[in-house]
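Residue numbers (our numbering): 9 to 306.
Ideal Cβ positions, reconstructed from N, Cα and C, are used throughout, including at glycine.
Data block below; observations after.
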């Protein structure tokens, strides 16, 4: 094969590769966000109603599982959670489709970053702080108030005296979720603080993350921008912390001494997870990505 022919084939191959990159990388075509947002709001509202109905039924002493508890419709404890999960996913996608700028990076290798990324303008600090009221309020109503009522010095308060065992299962599950959600929001606040302290001049419209970042930058991008480890750790940390008061109620109801081992395990997991979440959140700026930037894992 002549040198000229070989050169032409190389040029043609490069041209095809460039064309594939052009087709595989760029702004993504997204669905309309409205159906996702309204569908998510509807499911969250239904979940809230289902949770309130189940809580009041449990406080009356009613069993919240009937027949085959593995069937969703026979389990009033699980049903609100499923509705919350589906509603949250739809609402999240709707918000992302409306407010985020999505990009496809199909030409990237595994260690070069995710194949899908988006940049979202962060929620204002005031809105973020006001939003903390929701998980705190839910946890207070479903865990703190019932536990305080059950541990009253003159005996259980009248409104929790007849509560069924299923009510306390419901309290533990949704109390964990509410406290964990608070942990996610606080981790996000710490992440904002880290960017404000250590990367205050970073432009929100320009990605500092190169296609082939240095090893340290790649590590923090994988941990924070891709896996969102600060959120998972924050959820686990405050989730276990939020469930701690129920251990005192369980001991009081059974007439047994407080299980010190259980308290130690819960407290240890809560502390370690929370500290790890804070470390990741405060170092997320090291990823080189913007505050509102995220990537898929694959």
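Between the C-alpha atoms of residue i and residue j, what's the straight-line distance to the nearest angstrom?
i           : j           : result
residue 88  : residue 54  : 8 Å
residue 237 : residue 37  : 28 Å
residue 108 : residue 44  : 14 Å
residue 298 : residue 199 : 11 Å
residue 134 : residue 66  : 36 Å
residue 98  : residue 40  : 12 Å
residue 318 : residue 150 : Outside the displayed span of the chain (9 to 306) sits residue 318, for which this structure offers no information.
residue 91  : residue 156 : 29 Å
residue 295 : residue 281 : 21 Å
residue 254 : residue 96  : 26 Å
residue 233 : residue 180 : 31 Å
residue 289 : residue 101 : 23 Å
residue 161 : residue 266 : 17 Å
residue 240 : residue 204 : 22 Å
residue 154 : residue 176 : 9 Å
residue 104 : residue 128 : 7 Å
residue 159 : residue 168 : 10 Å
residue 287 : residue 136 : 20 Å
residue 227 : residue 165 : 52 Å
residue 48  : residue 145 : 21 Å
residue 130 : residue 74  : 44 Å
residue 51  : residue 58  : 10 Å
residue 197 : residue 184 : 20 Å
residue 56  : residue 224 : 43 Å
residue 138 : residue 64  : 27 Å
residue 271 : residue 152 : 17 Å
residue 132 : residue 302 : 18 Å
residue 83  : residue 42  : 31 Å
Does DSSP put residue i in a helix, in a strand, or in coil?
i           : result
residue 235 : coil
residue 125 : strand
residue 71  : coil
residue 111 : strand
residue 286 : helix
residue 160 : coil
residue 84  : coil
residue 244 : helix
residue 313 : Nothing about residue 313 can be read from this structure; the chain reaches only from 9 to 306.
residue 297 : coil
residue 207 : coil
residue 56  : helix
Just checking my contact of residue i with residue j at CB under 8 Å: how many whole Å lie between their CB atoms?
i           : j           : result
residue 124 : residue 110 : 7 Å
residue 69  : residue 170 : 4 Å
residue 143 : residue 190 : 4 Å
residue 72  : residue 85  : 5 Å
residue 274 : residue 252 : 5 Å
residue 250 : residue 187 : 2 Å
Candidates the options: which alpha carbon is nearest residue i's?
i           : options               : result
residue 277 : 295, 303 and 248      : 248
residue 202 : 273, 291 and 165      : 291
residue 300 : 166, 191 and 229      : 229
residue 178 : 62, 260 and 136       : 62
residue 140 : 193, 173 and 163      : 193
residue 260 : 208, 106, 130 and 163 : 163
residue 256 : 244, 269, 245 and 246 : 269
residue 173 : 49, 197 and 258       : 258
residue 207 : 49, 83 and 293        : 293
residue 126 : 138, 243, 145 and 106 : 106
residue 235 : 272, 48 and 285       : 285
residue 244 : 279, 225 and 271      : 279
residue 304 : 46, 197, 231 and 242  : 231
residue 283 : 197, 271, 272 and 242 : 242
Between residue i and the ligand MG, is the CB less than 7 Å from at least one heavy atom?
i          : result
residue 96 : The ligand MG is absent from the structure shown, which contains no ligand whatsoever.
Using a C-beta cutoff of 8 Å, does residue i count as contacting chain B?
i           : result
residue 279 : No chain B is present in this structure, which holds just one protein chain.
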